[in-house]
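Following: one structure in structure tokens, then a few remarks.
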Amino acid sequence: MPAEIDPKLTTRAAAWELWMDAPNPMVTFFKTLDVTCPVRLSRKRKLRFNMLMDFCVGRAASSIKEFYILPVGQKLIKYDTIAVNTIVKNADGEASSCDILFTDDLDTFNHDYLRYTELVARSCSDNDLSAESMVIGTSAIVDTEIDGAVGMNSGIFNNPFLIWGRFRKKLFKYSLPVSFQFHHTQMDGAHAGKFLENLQTEINSLRRRI
């Protein structure tokens, strides 16, 4: 269960003092990923590309302890689980939010992804796990190619967030520029960099499933 922890008793004590009252504590990194493996796997096994990306995001984050804590309001909360959020186009043609609890098994994650995104699309109601899990936000802007995006600091939504557009083909490979926004109280640049390296590693590991 999520629980409030004392920032002064964690490795984020200094970051808490430096960044919690900063006017803009959000940091954005940009990275271009090689997504050849998920593109090929999605076509071969008829899996959704964004589901595969969300699965890799969950795997990449799950081994980094900073992803299990999050500043919420003026509290630091520790979580036991991670969820990955995706934006769904609903039956009204609008955007709804869908959280999927991360599980390390691809078939199980795919089943949950399809179940909840379809439910959200039909009901036009969000599936919100933020009270139970540390949620990593994702948004796929599939109508166009983008080089990156910078979110805003609302002071409410402090969760880490990834944005990407349409993947690009060059010869026999596919690339995808992504932006990764995070709250500096939650993690430092080194943790964010490690996450992005993990993400590429997890994407590459899909090769054995093709």
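For the sequence shown, our numbering assigns the number 105 to the initial residue and increments by one for each residue that follows. Note that CB positions come from ideal geometry on N, CA and C, so glycine has one too.
Q.
Using CA atoms only, rank isn't needed, just tell me which of 220, 236 and 205 is closest to residue 230.
A. Position 126 of the sequence shown, counted from the first residue, corresponds to residue 230. For the residues 220, 236 and 205, the minimum Cα distance to residue 230 belongs to 220.
Q: Use the C-beta contact count for residue 178: other C-beta atoms within 10 angstroms, 16 or more gives buried, fewer gives exposed.
A: As a position in the sequence shown, residue 178 is number 74, starting the count at 1. Under this definition residue 178 is an exposed residue.
Q | For residue 228, the three-state DSSP class (helix, strand or coil) | A | Here residue 228 corresponds to residue number 124 of the sequence shown, with the count starting at 1. Here residue 228 sits in coil by DSSP.
Q. In terms of residues, what are the limits of the alpha helix (DSSP H) holding residue 111?
A. Locating residue 111 in the sequence shown gives position 7, where the first residue counts as 1. Careful: residue 111 lies outside any alpha helix (DSSP H) and carries neither H nor E.
Q: Output the boundary residues of the beta strand (DSSP E) element that contains residue 192.
A: Residue 192 sits at position 88 when you count from the first residue of the sequence shown. 186–193 is the span of the beta strand (DSSP E), which, as asked, contains residue 192.
Q. What's the call for residue 309, buried or exposed, on a 16-neighbour Cβ count within 10 Å?
A. The residue given as residue 309 occupies position 205 in the sequence shown. Classification of residue 309: exposed, given that the 10 Å Cβ count is below 16.
(Q) What does the Cβ neighbour count give for residue 121, buried or exposed, with the cut at 16 atoms within 10 Å? (A) What you label residue 121 is simply residue 17 of the sequence shown in a count that begins at 1. Counting Cβ neighbours within 10 Å, residue 121 comes out exposed, since fewer than 16 surround it.
Q | Status (buried if at least 16 other CB within 10 Å, exposed otherwise) for residue 276 | A | For the purposes of this step, residue 276 is taken as residue 172 along the sequence shown, with counting starting at 1. Answer is exposed; the Cβ neighbour count stays below 16.
Q.
Using C-beta distances below 7 Å, list every residue in its chain close to residue 253, excluding the 5 sequence neighbours before and after it, in chain order.
A. By 1-based counting over the sequence shown, the position of residue 253 is 149. Result list for residue 253: 267 and 283, in chain order.
(Q) What does the alpha-carbon distance come out to for the pair residue 209 and residue 162? (A) Position 105 of the sequence shown, counting from 1, holds the residue named residue 209. Position 58 of the sequence shown, counting from 1, holds the residue named residue 162. Each residue's Cα considered, the two are about 11 Å apart.
Q.
Comparing C-alpha positions only, which one of 167, 233, 212 and 193 sits nearest to residue 187?
A. Reading the sequence shown from its first residue, position 83 is the one you call residue 187. For residue 187, the nearest C-alpha among the options comes from 233.
Q: Return the first residue and the last residue of the beta strand (DSSP E) that residue 272 is part of.
A: Position 168 of the sequence shown, counting from 1, holds the residue named residue 272. Segment 272–274, the beta strand (DSSP E) holding residue 272.
Q: Report the option in 164, 170, 292 and 174 whose CA atom is closest to the CA atom of residue 207.
A: Reading the sequence shown from its first residue, position 103 is the one you call residue 207. Per the Cα distances, 164.
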